[in-house]
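Structure first, then comments.
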Amino acid sequence: MRTIGFSHGVLYRVADVYSEQIIDLYRGCSDAALETCVSKADDADKLQRIIPYVRDFSYKSVHLPSDIRYVKDEKTIRLLDKIVNYYKEVGASLALVHPDVVDDWEVFDRYKINWAIENMDNRKGRFKTAGELEEFLGKNPNWRLVLDLNHCFTNDRSMALAESILHNLKDKIAEVHLSGYINLHDPLFASKQDFIIDYCRKLDTPIIIESTFDSIDDVKKEYNYIIEKLK
Ligand SMILES: [Zn+2]
């Protein structure tokens with residue numbers, strides 16, 4: 321069975337995603353994987369309270385906030401300390417950061433954990449193409465890649481970009497982000513973009529679902545839709 325689960329932030333519009341009840345809801349679909357998505361740096365203080373709810377998932381990862389610039393300063397280090405502490409407490413396997421918000425990569429070197437960048441969507445200027453990602457990962461051999469299929473699609477509707485990232489960087493990919501694209505990160509049961517789901521078959525890494533929802537019931541609906549298509 322494929323390791324698959326949710327980003328814990330997918331219900332942010334309708335619920336407190338740092339509550340035990342919501343994390344239990346994700347576990348009710350799949351206890352195989354959970355990505356803790358710290359969307360704002362100020363939310364890092366909420367991590368402590370969810371440690372006991374998250375520990376028992378089989379695969380865990382952490383998505384770092386994108387509302388700060390990562391530089392070698394006190395503020396960044398205080399945030400990374402909190403996140404790395406959480407990573408260790410829950411037994412996570414991967415921590416990922418959006419590369420466009422990093423000004424100084426050295427600030428990450430003080431922590432010996434598994435770091436990853438993610439390919440960016442069409443709203444960003446860099447880190448979108450296979451070449452740009454390959455250049456970074458060549459210079460930073462300890463870093464891994466999270467392949468976001470939705471981001472690939474926003475840059476290239478033919479999915480040739482996803483194909484070239486897969487071809488050039490397959491052994492660097494540690495995780496896949498999966499969601500449909502209508503406006504941003506939308507449910508696949510609504511967008512019916514099954515060709516995006518199909519790309520997950522080309523890898524055996526964990527899949528993290530990043531479709532966002534307006535109803536709690538849609539979590540199970542999305543999970544069942546994806547599982548059915550992956551069969
Ligand atoms: Zn993503």
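When the letters of the sequence shown are read in order and numbered with the working numbering, they come out as residues 321 to 551. Note that beta-carbon positions come from the ideal geometry of N, C-alpha and C, so glycine has one too. Quick caveat, the model's predicted, so the values are computed rather than measured.
For residue 328, I'd like the list of residues in its chain whose CB is within less than 7 Å of its CB, leaving aside the five on either flank, ordered along the chain. If you number the sequence shown from 1, residue 328 lands on position 8. 337, 343, 346, 354, 355, 356, 357, listed in sequence order.
Roughly how many angstroms lie between the CA atoms of residue 324 and residue 550, to the nearest whole one? As a position in the sequence shown, residue 324 is number 4, starting the count at 1. As a position in the sequence shown, residue 550 is number 230, starting the count at 1. Roughly 11 Å separates the two Cα atoms.
Kindly provide the ranges of any beta strand (DSSP E) runs that are 3 or more residues long and lie completely inside the stretch 380-444, ordered along the chain. Within the stretch 380-444, the complete beta strand (DSSP E) runs of at least 3 residues are 414-417, 435-438.
When every heavy atom of ligand 1 is checked, does at least one fall within less than 7 Å of the C-beta of residue 487? Counting from 1 along the sequence shown, the entry for residue 487 is found at position 167. Not under cutoff, so the answer is no.
Taking 8 Å as the threshold (C-beta atoms), are residue 375 and residue 348 in contact? Residue mapping note: residue 348 aligns to position 28 of the sequence shown, counting from 1. Residue mapping note: residue 375 aligns to position 55 of the sequence shown, counting from 1. Residue 375 sits away from residue 348, with the two beta carbons spaced by 8 Å or more.
Distance cut 7 Å, beta-carbon to ligand 1 heavy atom: residue list by chain order: Spelled out in chain order, the answer is 438, 466, 468, 470, 471, 497, 530.
Residues that residue 353 bridges to, as DSSP identifies them: As a first step, residue 353 is located in the sequence shown; it is residue number 33 there, counting from the start. Its beta-bridge partners are 325, 379.
Hey, out of 461, 511, 440, 405, whose CA is closest to residue 481's CA? As a position in the sequence shown, residue 481 is number 161, starting the count at 1. Nearest C-alpha to residue 481: 440.
Length-filtered (3 minimum) beta strand (DSSP E) runs lying within the stretch 460-503: List check, beta strand (DSSP E) in window: 464-468, 493-498.
From residue 428 to residue 474, what distance separates their C-alpha atoms? To locate residue 428, count along the sequence shown from 1; it is residue 108. To locate residue 474, count along the sequence shown from 1; it is residue 154. Here the alpha carbons of residue 474 and residue 428 stand approximately 29 Å from one another.
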